[in-house]
Amino acid sequence: YGDRRFPEYGELLELHEVIQQEIDTYPAEQVFILDMHTTTAKGGVFTVPGPSQESKDIVSSIHAPTVNGLIEFLSGTLIQYVHEHYAGRVITSAAFESGQHILPSSGRYATAGILTTLCRMRMLPAAYLENEYNEELATYASMLPVQTKLVYRHAVVEQDEFRMLPGFKNFTPITKGMLLAHDKNGE
């Protein structure tokens, strides 16, 4: 799985081995993989459900926007790998972007996301939802949409000289026809 020309290929192979070993060592009726990330961008707090309804149900309990449709625009993700490699098995996956790499809040949001997921799956009692990290994440997310859907992705390469107009950040509402950026070809 993946492209051998990229350095991430070796990481994918290692991940595959670890996931397979865990599944073989601890057989279970149900397996859920939550792929945790941080990002370079400000305001990058959101969930990405896998293709199953169960995945959508689980991530909807995390206090962060759910970005539906994003998985169709990405390649080489753990969600796709699990869906393709373990087809026919009861393995559910999702991803959680918990914020910018350099922000201390990203670790707290990640903790909230993990605890919420474990409670939603009844692996921890609901009392674990009552914590300062979950409250902080809920406060942050209260100003963001609950659900969004990605319907278009404009691929950009360095040669495009792409420049986003100022004032936009993740989840800024836009309308059809709104000028967002310029590149060497114009608007």
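Residue numbers 1 to 187, in my numbering, belong to the letters of the sequence shown in order. All C-beta atoms in this analysis are idealised placements derived from N, C-alpha and C, irrespective of residue type, glycine included.
Assigned secondary structure, residue i (DSSP; H/G/I helix, E/B strand, else coil)
{"i": "residue 104", "result": "helix"}
{"i": "residue 117", "result": "helix"}
{"i": "residue 23", "result": "helix"}
{"i": "residue 172", "result": "coil"}
{"i": "residue 28", "result": "coil"}
{"i": "residue 186", "result": "strand"}
{"i": "residue 15", "result": "helix"}
Sub-8 Å separation of residue i and residue j beta-carbons
{"i": "residue 63", "j": "residue 138", "result": "yes"}
{"i": "residue 56", "j": "residue 49", "result": "yes"}
{"i": "residue 117", "j": "residue 79", "result": "no"}
{"i": "residue 65", "j": "residue 146", "result": "yes"}
{"i": "residue 133", "j": "residue 108", "result": "yes"}
{"i": "residue 165", "j": "residue 181", "result": "yes"}
{"i": "residue 95", "j": "residue 47", "result": "yes"}
{"i": "residue 99", "j": "residue 18", "result": "no"}
{"i": "residue 38", "j": "residue 101", "result": "yes"}
{"i": "residue 75", "j": "residue 120", "result": "no"}
{"i": "residue 29", "j": "residue 90", "result": "yes"}
{"i": "residue 183", "j": "residue 158", "result": "no"}
{"i": "residue 92", "j": "residue 54", "result": "yes"}
{"i": "residue 168", "j": "residue 144", "result": "no"}
With three or more C-beta pairs closer than 8 Å as the rule, is the region 109–123 touching the region 25–35? yes
Taking contact to mean 3 or more Cβ pairs, one atom from each stretch, closer than 8 Å, check whether the region 140–156 and the region 65–83 are in contact. yes
Ignoring anything shorter than 3 residues or poking outside the region 39–106, list the beta strand (DSSP E) runs there in chain order. 45–49, 66–68 and 91–100
Length at least 3, wholly inside the region 117–162: the beta strand (DSSP E) runs in chain order: 147–149
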